[in-house]
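The next block holds one structure in the form of structure tokens; read it before the comments.
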Amino acid sequence: MTGKKQLMIEPSWCKGCGICVAFCPREALELMNGKVHLKDADSCVLCGMCEMRCPDYAIYLKNAEE
Ligand code: SF4
Ligand code: SF4
Numbered sequence: 113m114t115g116k117k118q119l120m121i122e123p124s125w126c127k128g129c130g131i132c133v134a135f136c137p138r139e140a141l142e143l144m145n146g147k148v149h150l151k152d153a154d155s156c157v158l159c160g161m162c163e164m165r166c167p168d169y170a171i172y173l174k175n176a177e178e
């Protein structure tokens with residue numbers, strides 16, 4: 113069974129480089145006070161691009177039931 117994924121952000125690991133914001137195909141992310149922030153949860157298609165591009169593992173997908 114494949115569970116639903118959930119977008120996770122670890123603000124303390126985020127250095128605010130904006131890479132994930134730039135690579136998100138849905139423009140669901142933005143920077144707020146130097147940290148990444150999910151601007152529009154409905155736009156996020158859980159593609160994992162942000163996870164792939166973040167150099168600091170500060171944004172990632174996890175299984176919602178974990
Ligand atoms: S999972 Fe994809 S759509 Fe969602 S925030 Fe990350 S890059 Fe954007
Ligand atoms: S790529 Fe990673 S460190 Fe850079 S803004 Fe996004 S979450 Fe933060």
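Just add 112 to wherever you are in the sequence shown, counting from 1, and you've got the numbering used here. Where a beta carbon is used, it is the ideal one built from N, C-alpha and C, also for glycine. The structure presented is a predicted model; accordingly, all values stated were derived computationally and were not measured.
Which residues in the same chain as residue i place their Cβ atom closer than 7 Å to its Cβ, once the five residues preceding and following it in sequence are excluded?
{"i": "residue 137", "result": "159, 161"}
{"i": "residue 133", "result": "141, 142, 143, 148"}
{"i": "residue 166", "result": "131, 132"}
Ordered along the chain, which non-local residues of its own chain (more than five positions away) have a Cβ less than 6 Å from that of residue i?
{"i": "residue 146", "result": "128"}
{"i": "residue 149", "result": "142"}
Residue i: buried (16+ other C-beta within 10 angstroms of its C-beta) or exposed?
{"i": "residue 170", "result": "buried"}
Mind listing, in chain order, the residues whose beta carbon lies closer than 7 Å to a non-hydrogen atom of ligand 1? Taking each Cβ in turn, the ones that pass are 119, 132, 135, 136, 137, 138, 140, 141, 150, 155, 156, 157, 158, 159, 160, 161, 162, 163, 171, 173.
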